[in-house]
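**Student:** Mind looking over this structure? Questions follow.
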Amino acid sequence: MNFISVQNVFFSYSNPEDAQPVKNAVNGVSLEIKKGEFVALLGHNGCGKSTIAKHLNAMLLPDSGKVYVDGDDTSDAEKTYDIRKKVGLVLQNPDNQLVASIVEEDVAFGPENLGIAPDKIRERVDNALKAVDMYDYRKHAPYKLSGGQKQRIAIAGILAMQPECIVLDEPTAMLDPNGRDEVLSTLLKLNKDKNITVVLITHYMDEAVLADRVVVMDDGKILTHGTPDEVFSQVELLKKHRLDVPQSTELAYRLKGCGVKIDKMPLNTSDCVKLLEEVLN
Ligand SMILES: Nc1ncnc2c1ncn2[C@@H]1O[C@H](COP(=O)(O)OP(=O)(O)OP(=O)(O)O)[C@@H](O)[C@H]1O
Ligand SMILES: [Mg+2]
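Start counting the sequence shown at 27; every next residue gets the next number (our numbering).
Following this line, the structure appears as structure tokens:
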């Protein structure tokens with residue numbers, strides 16, 4: 027059984043003020059996510075990524091179709107609490123999820139709401155802060171931290187609830203390259219060391235290539251999915267749907283267009299350097 031199973035989900039936002047029917051934000055999506063997988067979800071603006079993310083922890087419920095988390099139907103109200111405990115959602119802007127004036131109080135907020143005993147909360151908060159490398163900042167004020175640090179505190183707040191899966195909706199969109207690296211290496215570490223399932227929504231292709239699997243959405247549907255190699259070798263398909271490929275892949279694609287023989291598209295700088303060495307020799 028897969029950890030998350032999205033089965034033919036349709037969803038429209040209903041806006042009572044609008045007379046005309048709204049188009050489906052999610053238009054028949056099926057998606058399976060295994061325990062321990064690191065999945066990147068890509069797609070241009072408005073294709074339905076955030077809407078899908080909110081279905082993964084019962085923040086939104088399908089109009090039709092089903093979402094199962096660890097076997098539980100998200101539309102079963104009795105399971106909502108369990109599902110939200112298992113799947114934590116991190117939003118784009120950390121300022122919207124930091125609630126307290128001291129870092130460790132902020133991280134404690136989630137477990138407090140879960141009704142965890144105070145001595146256990148202490149332990150969870152310390153462990154969560156250590157996992158994101160922010161333990162030394164536990165007494166600091168969140169508003170004084172950098173964007174990357176704030177986002178890592180937001181991740182610690184979710185981790186303190188000990189979820190099995192973290193869904194992150196463009197957590198690096200507001201960050202500089204340093205902040206992005208911090209958040210990405212934190213996620214990779216949580217995934218590899220603690221076997222936490224990660225679903226990362228991103229516009230950055232160099233982040234997507236780090237995932238086990240890449241899922242590309244377009245217009246409320248899944249356009250293609252597979253390993254980063256499989257997905258980014260479909261340069262033409264991605265371009266047709268107004269999506270980028272990693273810069274190294276783009277370079278190789280253009281060289282190929284000029285008649286250079288290339289068997290395997292590079293996804294990162296070091297593979298690209300190797301390829302260029304071969305080509306130049
Ligand atoms: N609260 C809402 N009310 C009405 N329509 C909405 C609402 N939120 C999103 N939509 C619409 O639903 C569609 C999918 O939106 P969604 O936010 O899921 O896309 P996205 O892929 O996350 O986009 P982005 O990359 O800009 O974050 C879009 O057409 C959007 O305008
Ligand atoms: Mg979005």
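We put the beta carbon where it would ideally sit given N, CA and C, even for glycine.
1) Fully enclosed by the stretch 236-266, which alpha helix (DSSP H) runs are 4 residues long or longer?
2) Are the stretch 159-174 and the stretch 65-80 touching, with three or more C-beta to C-beta distances below 8 angstroms?
3) Using the DSSP secondary-structure output, state which residues sit across from residue 191 in a beta bridge.
4) Would you list the one or two residues that DSSP bridges to residue 33?
5) With 16 other CB atoms within 10 Å as the buried threshold, where does residue 284 fall?
6) Measure the Cβ-Cβ separation of residue 187 and residue 111 and say whether it is below 8 angstroms.
7) Quick check on the contact list: which residues have their beta carbon closer than 6 angstroms to a heavy atom of ligand 1?
8) Report the residue from 247, 274 and 118 whose alpha carbon sits nearest the alpha carbon of residue 32.
9) Quick one: what does DSSP say residue 283 is sitting in, helix, strand or coil?
10) I'd like to check one pair, residue 59 with residue 235: are the Cβ atoms closer than 8 angstroms?
11) According to the neighbour-count rule (16 or more other Cβ atoms, all chains shown, within 10 Å of its Cβ), is residue 376 buried or exposed?
12) Applying the criterion that 16 or more other CB atoms from any shown protein chain within 10 Å of the CB defines a buried residue, is residue 102 buried or exposed?
13) On a CA-only basis, which of 128, 198, 223 and 108 is nearest residue 97? Give me that one, please.
14) Would you tell me roughly how many angstroms separate the C-alpha atoms of residue 122 and residue 71, rounded to the nearest one?
15) Can you find the residues in the same chain that come closer than 7 angstroms, C-beta to C-beta, to residue 292, ignoring five residues on each side of it along the sequence?
16) Keeping to the same chain, check which residues put their C-beta closer than 8 angstroms to that of residue 118; ignore five residues upstream and five downstream.
17) Taking the Cβ atom as the reference point for each residue, do residue 130 and residue 155 lie within a distance shorter than 8 angstroms?
18) Alpha carbon to alpha carbon, what distance is there between residue 140 and residue 34?
19) Cβ of residue 196 versus every heavy atom of ligand 2: is any distance shorter than 7 angstroms?
20) Looking at the C-beta of residue 175, does it have a partner C-beta in chain B at a distance below 8 angstroms?
21) For residue 114 and residue 305, I'd like the C-alpha separation in whole angstroms.
22) Going straight from the alpha carbon of residue 91 to that of residue 211, what length do you get?
23) Please report the distance separating the alpha-carbon of residue 39 from that of residue 227.
**Tutor:** By the coordinates alone:
1) Counting only runs of at least 4 residues, the stretch 236-266 fully encloses the following alpha helix (DSSP H) elements, listed from N- to C-terminal order: 254-258 and 261-266.
2) Short answer: they don't touch.
3) DSSP, once it has assigned bridges, lists 113 and 223 as partnering residue 191.
4) Bridge partners of residue 33: 92.
5) It counts as exposed.
6) Their beta carbons are under 8 angstroms apart, which means residue 187 touches residue 111 by this criterion.
7) Screening all residues for a C-beta within a distance smaller than 6 angstroms of any heavy atom in ligand 1 leaves 39, 41, 51, 69, 71, 72, 73, 74, 75, 76 and 77, in chain order.
8) Nearest C-alpha to residue 32: 247.
9) It is helical.
10) No. Outside cutoff.
11) In this structure the chain extends from 27 to 307, so residue 376 is not present and cannot be described.
12) Flag for residue 102 reads exposed.
13) Comparing Cα positions, the closest option is 108.
14) Each residue's alpha carbon lies about 20 angstroms from the other.
15) Closer than 7 angstroms at Cβ, skipping near neighbours: 274, 275, 278, 298 and 301.
16) Only 195, 196, 197, 199 and 200 meet the Cβ criterion.
17) The answer is yes: Cβ separation under 8 angstroms.
18) Straight-line Cα distance between these residues: approximately 31 angstroms.
19) Flag set: Cβ of residue 196 near ligand 2.
20) Here chain B cannot be found, since the structure has a single protein chain.
21) Roughly 46 angstroms separates the two Cα atoms.
22) Rounded to whole angstroms, the gap between the alpha carbons of residue 91 and residue 211 is 35 angstroms.
23) About 20 angstroms.
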